Amino acid sequence: MEKFVINGGTPLTGEVTISGAKNAALAIIPAAILSRDVCRIENLPVSISDVSFMMKTLRHIGAGVKLIDKNTIEIDSRHVNSYVISHDMTKHLRASYYFIGALLGRFGRARVAMPGGCYLGPRPIDQHIKGFEALGANVTIDDSAIVDTSANKLTGSPVYLDVVSVGATVNIMLAASRAEGLTVIENAAKEPHIVDLANFLNSMGADVRGAGTDVIKIRGVENLHGCTYSIIPDQIEAGTFMVAAAATRGDVLIKNVIPKHMDSITTKLIECGATVEEFDEAVRVTMDSRPKKCNIKTMPHPGFPTDMHPQFAVLLSLAEGTSIISESIWSNRFRYTEQLARMGADINVDGQLAMIHGVDHLKGAPVKADDLRAGAAVVIAGLAASGRTEIEDILHIDRGYENVVEKFGNLGADIRRVYCVEPFNIGDVG
Ligand code: EPU
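Taking my numbering, the leading residue of the sequence shown gets 2, the next gets one more, and so forth.
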């Protein structure tokens with residue numbers, strides 16, 4: 002077992018370079034098998050565990066995966082020979098279900114176990130199924146929770162999403178890019194990683210238009226070819242460093258960023274009193290006084306991202322006055338507030354609302370990462386707090402953040418990854 006040990010209270014200063022976007026990578030990796038060719042993917046966050054699991058899954062179904070350098074891989078999909086992916090492979094992450102759309106597009110058949118992933122509340126896949134069925138697939142979920150989809154022929158079709166879903170939009174784009182005719186996804190997700198996936202598919206010869214708006218049109222093509230493609234920077238990793246800079250009252254230049262993708266986060270940081278300077282591919286965040294209160298409501302893109310609300314809760318915990326966070330995407334995202342309370346935060350949660358009464362300072366404590374972004378929040382809290390914070394269950398953080406210790410360490414933080422013996426659990430005996 003590993004944990005992070007942080008001695009907090011030092012303002013972060015210096016420069017950090019953001020990695021490629023996790024959620025774009027997780028869609029683009031399975032998309033590569035839609036071609037029977039070789040794709041080179043650059044700016045890939047190779048060392049996060051979600052990406053490792055996706056590469057393992059590729060190998061499991063017969064693809065070749067070659068590491069070219071620390072952020073580039075080549076996926077050789079010529080010999081993909083299986084449309085079956087078991088629970089062992091899918092249990093680690095949500096995005097494993099993108100192999101359903103990709104295998105359906107490639108073979109007209111996919112047998113993929115239900116996905117794992119962070120528990121943020123119920124995570125139904127009804128909109129994915131609705132999309133596959135609209136394209137002519139027969140979908141069943143058997144007793145072992147295997148999603149079995151098969152189609153003699155995939156045929157383009159209109160699909161109206163009842164809820165704006167990133168995952169369903171991705172899965173339908175994947176299958177539809179090899180269907181016969183035109184698919185129109187209405188009420189589609191508009192996140193930057195949806196646009197990145199569309200650009201990747203188009204680099205392989207697909208015909209995808211409208212990504213980034215709520216109507217995406219995909220005209221299926223018979224064959225896709227290999228390509229070289231560079232993934233966009235990670236909006237949420239960048240946002241996490243922006244908030245960390247503000248919460249520690251630091252001065253950080255965050256490089257490899259698309260400032261436009263940061264608009265909703267930048268606006269809220271400015272409202273809290275931070276200074277945010279934008280450059281072509283970087284942003285600089287400085288904060289020299291106590292944060293001001295502000296209210297946040299999470300929304301699908303271009304609204305404020307749900308994946309940034311736990312990090313903001315730390316900043317608002319240190320603000321003057323009372324702030325409200327309203328979470329509208331996930332029903333169980335506030336578990337991390339119990340960890341922040343151990344560090345002295347004053348937060349009342351009522352359903353989908355958190356009322357945060359700002360305190361003067363946070364103090365270090367033993368805490369845990371409940372999920373990926375909850376983990377990011379306790380790291381920021383540890384950096385801003387006085388004293389020592391120990392964070393357990395950091396495997397959640399390793400799922401989505403590359404080189405956390407090195408990146409924060411280079412900004413002057415005192416953060417270490419330590420190995421510790423697993424506590425003896427009497428329940429394990431017998
Ligand atoms: N939903 C349905 N039916 C569906 C699909 C979704 O009702 O068939 C609902 C969900 O329950 C949720 C809402 O629609 O209330 C949005 O879910 P969405 O499908 O957009 O989420 P996702 O694709 O499962 C992705 C990210 C999440 C991020 C959400 C929202 C990936 C791999 N995951 O999840 O990222 O929170 O979009 O932006 O792209 C993270 O990176 O930490 C993370 C959890």
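Just so you know, even glycine gets a beta-carbon here, dropped at the ideal spot from N, CA and C.
Just so it is clear, the structure is predicted and the values come from calculations on it, not from any experiment.
Report the three-state DSSP secondary structure of L94 (helix, strand or coil). Position 93 of the sequence shown, counted from the first residue, corresponds to residue 94. The DSSP-derived three-state label of L94 is coil.
Assuming P234 and G15 make a contact with CB atoms under 8 angstroms, what is their CB distance in whole Å? Your numbering for residue 234 matches position 233 in the sequence shown. Your numbering for residue 15 matches position 14 in the sequence shown. G15 and P234 do not touch by the CB rule: their CB atoms are close to 18 angstroms apart, not below 8 angstroms.
The ligand EPU heavy atom lying under 6 angstroms from the CB of D127: As a first step, residue 127 is located in the sequence shown; it is residue number 126 there, counting from the start. Yes.
Can you tell me whether E328 is buried or exposed, with buried defined as 16 or more other CB within 10 angstroms of its CB? Taking the first residue of the sequence shown as position 1, residue 328 is located at position 327. By the 10 Å Cβ count, E328 comes out buried.
By the 10 Å Cβ neighbour count, where 16 or more other Cβ atoms means buried, how is D351 classified, buried or exposed? Here residue 351 is taken as the residue at index 350 of the sequence shown, counted from 1. Around the Cβ of D351, a 10 Å sphere holds fewer than 16 other Cβ atoms; the residue is exposed.
Count the other C-beta atoms from every protein chain shown that fall within 10 angstroms of the C-beta of R417, then say buried if there are 16 or more, exposed otherwise. Translated into the one-based positions of the sequence shown, residue 417 becomes position 416. By the 10 Å Cβ count, R417 comes out exposed.
So what does DSSP say about S231, is it helix, strand or coil? Counting from one through the sequence shown, the residue named residue 231 turns up at place 230. It is a strand residue.
If you draw a straight line from the C-alpha of L363 to the C-alpha of G251, how long is it? For the purposes of this step, residue 363 is taken as residue 362 along the sequence shown, with counting starting at 1. For the purposes of this step, residue 251 is taken as residue 250 along the sequence shown, with counting starting at 1. When rounded, the distance between both Cα atoms is 16 angstroms.
Return yes when the C-beta of A22 is under 6 angstroms from any heavy atom of the ligand EPU, and no when it is not. Taking the sequence shown and counting its residues from 1, one reaches residue 22 at position 21. For the ligand EPU, not one heavy atom lies less than 6 angstroms from the Cβ of A22.
Can you give me the C-alpha to C-alpha distance between G345 and T287, rounded to a whole angstrom? The residue given as residue 345 occupies position 344 in the sequence shown. The residue given as residue 287 occupies position 286 in the sequence shown. Looking at the two C-alpha atoms, the distance is approximately 24 angstroms.
Flag V167 as yes when its Cβ comes closer than 6 angstroms to any non-hydrogen atom of the ligand EPU, and as no otherwise. Here residue 167 is taken as the residue at index 166 of the sequence shown, counted from 1. Taken from the Cβ of V167, at least one heavy atom of the ligand EPU lies inside 6 angstroms.
Identify the residues that DSSP records as bridge partners of F305: which are they? Locating residue 305 in the sequence shown gives position 304, where the first residue counts as 1. Per DSSP, T299.
Close Cβ partners of H262 (< 7 angstroms) along its chain, the five nearest in sequence each way excluded: As a working mapping, residue 262 is identified with position 261 in the sequence shown. Counting only Cβ-Cβ distances below 7 angstroms, and skipping sequence neighbours, we find P193 and Q236.
Which residues share a DSSP beta bridge with Y161? Working through the sequence shown from its first residue, we reach residue 161 at position 160. Beta-bridge pairing links Y161 to E187.
Okay, do the segment 207-227 and the segment 52-72 touch, 3+ Cβ pairs below 8 angstroms being the bar? No contact exists between the segment 207-227 and the segment 52-72.
Inter-residue CB distance, V360 and D347 (contact presumed, cutoff 8 angstroms): For the purposes of this step, residue 360 is taken as residue 359 along the sequence shown, with counting starting at 1. For the purposes of this step, residue 347 is taken as residue 346 along the sequence shown, with counting starting at 1. Between D347 and V360 the Cβ distance is about 5 angstroms, and since that is below 8 angstroms, they are a contact.
Spatial neighbours of I74 within its chain, please: C-beta separation below 8 angstroms, excluding the five flanking residues on both sides. Taking the first residue of the sequence shown as position 1, residue 74 is located at position 73. Shown here for I74: same chain residues with a beta carbon closer than 8 angstroms to its own, the five before and five after excluded, namely R41, I42, L45, V47, M56, V66, K67 and L68 in chain order.
Should V164 be counted as a contact of the ligand ADP given a C-beta to heavy atom distance under 6 angstroms? For the structure depicted, the ligand ADP is absent and the ligand set comprises only the ligand EPU.
Spatial neighbours of I259 within its chain, please: C-beta separation below 8 angstroms, excluding the five flanking residues on both sides. By 1-based counting over the sequence shown, the position of residue 259 is 258. The beta carbon of I259 sits closer than 8 angstroms to those of P193, I233, P234, Q236 and E282, all from its chain and outside the five residues before and after it, given in chain order.
Let's see if you can read the secondary structure: which residues bound the alpha helix (DSSP H) around V196? Position 195 of the sequence shown holds residue 196. Here the alpha helix (DSSP H) through V196 covers P193 to S204.
Nearest residue (CA-CA) to I19, options T241, Q353, S387 and I330: The residue given as residue 19 occupies position 18 in the sequence shown. When each option's Cα is compared against that of I19, the closest is T241.
Give me, in chain order, the residues of the same chain whose beta-carbon lies closer than 6 angstroms to that of F100; leave out the 5 immediate sequence neighbours on both sides. Locating residue 100 in the sequence shown gives position 99, where the first residue counts as 1. Result list for F100: P31, I86 and V113, in chain order.
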